[in-house]
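Participant: In our numbering, the protein residues as written are 866 to 1218. We put the CB at the ideal spot given by N, CA and C, even for glycine. Since the structure is predicted, the reported quantities are computational estimates derived from the model, not experimental observations.
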Ligand code: 5AD
Ligand code: FES
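1) State yes or no: is the beta carbon of residue 939 nearer than 9 angstroms to at least one beta carbon in chain C?
2) Just to confirm my understanding: we take residue 992, look at its own chain, exclude 5 residues before and 5 after, and list those with CB closer than 7 angstroms. What are they?
3) Judging by CA-CA distance, which residue of 975, 999, 877 and 932 is the nearest neighbour of residue 902?
4) Bridge partners for residue 922 per DSSP, in chain order?
5) Indicate, with yes or no, if the ligand FES has a heavy atom lying under 8 angstroms from the CB of residue 1106.
6) Checking 9 angstroms against the spacing of the C-beta atoms, do residue 1133 and residue 892 come in under that value?
7) CB of residue 1147 to nearest heavy atom of the ligand 5AD: below 8 angstroms?
8) DSSP three-state label for residue 902, please.
9) Which residues are close to the ligand FES, meaning CB closer than 6 angstroms to any heavy atom, in chain order?
10) What are the start and end residues of each continuous beta strand (DSSP E) run of 3 or more residues lying completely inside the segment 1073-1143, in chain order?
11) Taking the C-alpha atoms as reference points, what is the distance between residue 886 and residue 1119?
12) Please determine whether the Cβ atom of residue 1113 lies at a distance below 8 angstroms from any heavy atom of the ligand 5AD.
13) Roughly how many angstroms separate the alpha carbons of residue 1127 and residue 1036, rounded to a whole number?
14) With burial defined as no fewer than 16 other Cβ atoms inside 10 Å of the residue's Cβ, what is the status of residue 1061: buried or exposed?
15) Along the chain, where does the alpha helix (DSSP H) that runs through residue 1162 open and close?
16) Please identify the residue among 1070, 875 and 883 whose C-alpha is closest to the C-alpha of residue 900.
17) Could you have a look at residue 1032 and say whether DSSP puts it in helix, strand or coil?
18) Could you have a look at residue 1001 and say whether DSSP puts it in helix, strand or coil?
19) Is DSSP giving residue 984 helix, strand or coil here?
20) Drop a sphere of 10 angstroms on the beta-carbon of residue 1006, count the other beta-carbons inside from all chains shown, and report buried for 16 or more, exposed for fewer.
21) Is the Cβ-Cβ distance between residue 1135 and residue 1092 less than 9 angstroms?
22) Check whether the Cβ of residue 1103 lies closer than 8 angstroms to any heavy atom of the ligand 5AD, and answer yes or no.
23) Starting from residue 948, follow its DSSP beta bridges and name the residues at the other end.
24) Please tell me whether residue 975 and residue 925 are closer than 9 angstroms, where the distance is taken between their beta carbons.
25) In whole angstroms, what is the alpha-carbon distance linking residue 962 and residue 994?
26) Would you say residue 1074 touches the ligand 5AD, meaning its beta carbon is less than 8 angstroms from a heavy atom?
27) Check whether the Cβ atoms of residue 1199 and residue 1208 lie closer than 9 angstroms to each other.
28) Residue 1009 and residue 1211: beta carbons closer than 9 angstroms?
29) Quick check: the segment 1104-1120 against the segment 1076-1085, are there 3 or more CB pairs under 8 angstroms?
30) Using a threshold of 8 angstroms, is the CB atom of residue 1068 nearer than that to any non-hydrogen atom of the ligand 5AD?
31) Given this structure, state the Cα-to-Cα distance separating residue 958 from residue 941, to the nearest angstrom.
32) Going by DSSP, name the residue or residues bridged to residue 929.
33) To the nearest angstrom, how far is it from the Cα of residue 1184 to the Cα of residue 986?
34) Determine the extent of the alpha helix (DSSP H) in which residue 893 is found, giving its start and end residues.
Here's what the structure looks like:
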C-alpha cells in the first residue's frame, strides 16, 4: 500500500514537470499524501526549470504601503474596517513620491503601491500619482495593489502608466471564499476584476493564503487549477497568520512546509511565473524567504514604506518590517541571497514568456 502511494507520487511529479498540468483530484492527492521525498523531488525540478528561464536571478520590488484605511471587512485581515484598535494612516502623494525616490536611489526599478480599499484614492488622485512616478522614473515599473475597483478605473490607471496589478483571488472555491469574507463581498466580482485587469493590459498577479481557516486539500487543488488555467503573471502565496483583532484570531497559522511545497508545484505548473517569497513566509520562520527561493520562488519585496508606518500596516501579527526585509537593508538581503547561491536583481524584472 505505502509503496503504491510512493510510486503514484513519483508519477505525478514527473507528469507535472512534463505536462505542467494535473487533474484537481491529482493535485489533491499530491497535497494529501505529500512526504519529504516528494517535496525534495518537486523542489529540485522547480529549481531546475526556473534556472532555465531566470538563471540565478531573484527580482526585487520596493513595496510602499500607502494606506491602511479599508472599507472592507475580510475576516482574516488586521486592517479590516471593524478593527477599531488599528491606528490608521494614509500617505500623502508627496510622501509616496519620496518613498519611490528613495527606492530609486537604492536601485529599485519596480514600485508596488499597496493599500486597503481607501476611498480617498479616487481614479483622479491615483492616476496623478502613477503618472508622476512614470514621468520621474521612466525606466521603473509601477505595480498597483489597491483591491477591487471598476473596469473603468483599471483602464484609466493603465492609461496613466500602471504596468502591473496584484489582486489575490484568496481562494478559488466560492463557498470557501464566503467563509473568509463578509456577505457583501463577492467571489464573482473578485474573479471578474482579475479578468478585467488582464483585458486592460496589465501584467496580473493573483494568489492565495496557505492554511487559511476552513481550507482543505480540495480547495488548494482548485487554486492550483485556477493558476493552471488563468496563468497569472505573478502569484503571491504565503501562510495565513492570525491577527489578534480579527474574527480569525484563534485559528492556527499556515505551515512553512506546505507553503514551500506549493511554491514548487506552482513553478512547475506555470514555469515563467513571478513568484514572491513573501513577507508572511519570512515572518513565520527566520529564513522563510530563503526556503521559499530554494523551493522555486524568485521575487522578494523589501519594504520602502516610511519606517514609522510599517508597524501600522499590520495585516497579521508579528509582521517583520525593520530588519533585512527593509529596502534600506537591500545589502543584507543580497548577502542572504548570495549565501544560498542566488543574485539579487533590481531591474524591472518583467515576466519572460
Ligand atoms: N495572514 C496572511 N496573509 C494575509 N493577508 C491578509 N491578511 C493576512 C493574514 N492574516 C494577505 C491577503 C491579501 C494580502 C495583501 O495579504 O492574501 O491579499
Ligand atoms: Fe482591506 Fe485587508 S480588509 S486590506
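Facilitator: Straight from the coordinates:
1) No chain C appears in the structure shown, which is made up of a single protein chain.
2) For the purposes of this step, residue 992 is identified with residue 127 of the chain shown, where counting begins at 1. The answer, listed in chain order, is 1021, 1022 and 1025.
3) Locating residue 902 in the chain shown gives position 37, where the first residue counts as 1. The shortest Cα separation from residue 902 among 975, 999, 877 and 932 belongs to 877.
4) In the chain shown, residue 922 corresponds to position 57, counting from 1. Beta-bridge pairing links residue 922 to 1208.
5) For the purposes of this step, residue 1106 is taken as residue 241 along the chain shown, with counting starting at 1. For the ligand FES, not one heavy atom lies less than 8 angstroms from the Cβ of residue 1106.
6) Position 268 of the chain shown, counting from 1, holds the residue named residue 1133. Position 27 of the chain shown, counting from 1, holds the residue named residue 892. No, the Cβ-Cβ distance between residue 1133 and residue 892 is not below 9 angstroms.
7) One-based indexing of the chain shown puts residue 1147 at position 282. Checking the Cβ of residue 1147 against the ligand 5AD gives no.
8) Working through the chain shown from its first residue, we reach residue 902 at position 37. Three-state result, residue 902: helix.
9) 935, 937, 939, 942, 944, 945, 981 and 982
10) 1099-1104
11) As a position in the chain shown, residue 886 is number 21, starting the count at 1. As a position in the chain shown, residue 1119 is number 254, starting the count at 1. Rounded to whole angstroms, residue 886 to residue 1119 spans 25 angstroms at the Cα level.
12) Position 248 of the chain shown, counted from the start, is the residue given in the question as residue 1113. Yes, Cβ of residue 1113 sits closer than 8 angstroms to a heavy atom of the ligand 5AD.
13) Reading the chain shown from its first residue, position 262 is the one you call residue 1127. Reading the chain shown from its first residue, position 171 is the one you call residue 1036. Their Cα atoms are separated by approximately 14 angstroms.
14) The residue you call residue 1061 lines up with position 196 of the chain shown. By the neighbour-count rule (16 or more Cβ atoms within 10 Å), residue 1061 is buried.
15) Numbered from 1 along the chain shown, position 297 holds the residue referred to as residue 1162. Taken as a continuous stretch (DSSP letters only), residue 1162 belongs to no alpha helix (DSSP H), as it is neither H nor E.
16) Residue numbering aside, residue 900 sits at position 35 when the chain shown is read from its first letter. The shortest Cα separation from residue 900 among 1070, 875 and 883 belongs to 875.
17) Position 167 of the chain shown, counted from the start, is the residue given in the question as residue 1032. Three-state result, residue 1032: coil.
18) Stepping through the chain shown from its first residue, residue 1001 is reached at position 136. Three-state DSSP puts residue 1001 in a helix.
19) Numbered from 1 along the chain shown, position 119 holds the residue referred to as residue 984. Coil.
20) Counting from one through the chain shown, the residue named residue 1006 turns up at place 141. Classification for residue 1006: buried.
21) Within the chain shown, the letter at position 270 stands for residue 1135. Within the chain shown, the letter at position 227 stands for residue 1092. The answer is yes: Cβ separation under 9 angstroms.
22) The residue given as residue 1103 occupies position 238 in the chain shown. True, at least one ligand heavy atom lies under 8 angstroms from that Cβ.
23) In the chain shown, the residue the question calls residue 948 occupies position 83. Answer is none; residue 948 lacks a bridge partner.
24) Position 110 of the chain shown, counted from the first residue, corresponds to residue 975. Position 60 of the chain shown, counted from the first residue, corresponds to residue 925. Cβ distance < 9 angstroms, so residue 975 and residue 925 count as in contact.
25) As a working note, residue 962 is residue 97 in the chain shown. As a working note, residue 994 is residue 129 in the chain shown. Looking at the two C-alpha atoms, the distance is approximately 8 angstroms.
26) For this step, residue 1074 is matched to residue 209 along the chain shown. Yes - the ligand 5AD has a heavy atom lying nearer than 8 angstroms to the Cβ of residue 1074.
27) As a working mapping, residue 1199 is identified with position 334 in the chain shown. As a working mapping, residue 1208 is identified with position 343 in the chain shown. In contact: residue 1199 and residue 1208 (Cβ atoms closer than 9 angstroms).
28) To locate residue 1009, count along the chain shown from 1; it is residue 144. To locate residue 1211, count along the chain shown from 1; it is residue 346. For residue 1009 and residue 1211, no; Cβs fall outside 9 angstroms.
29) yes
30) Translated into the one-based positions of the chain shown, residue 1068 becomes position 203. Answer for residue 1068: no, Cβ out of range of the ligand 5AD.
31) Taking the first residue of the chain shown as 1, we reach residue 958 at position 93. Taking the first residue of the chain shown as 1, we reach residue 941 at position 76. So the alpha carbons of these two residues sit roughly 29 angstroms apart.
32) As a position in the chain shown, residue 929 is number 64, starting the count at 1. According to DSSP, which records beta bridges pairwise, residue 929 is partnered with 978.
33) Indexing the chain shown from 1 puts residue 1184 at position 319. Indexing the chain shown from 1 puts residue 986 at position 121. Answer to the nearest angstrom: the Cα atoms are 25 angstroms apart.
34) Here residue 893 refers to the residue found at position 28 when the chain shown is read from its first residue. 889-897 is the extent of the alpha helix (DSSP H) around residue 893.
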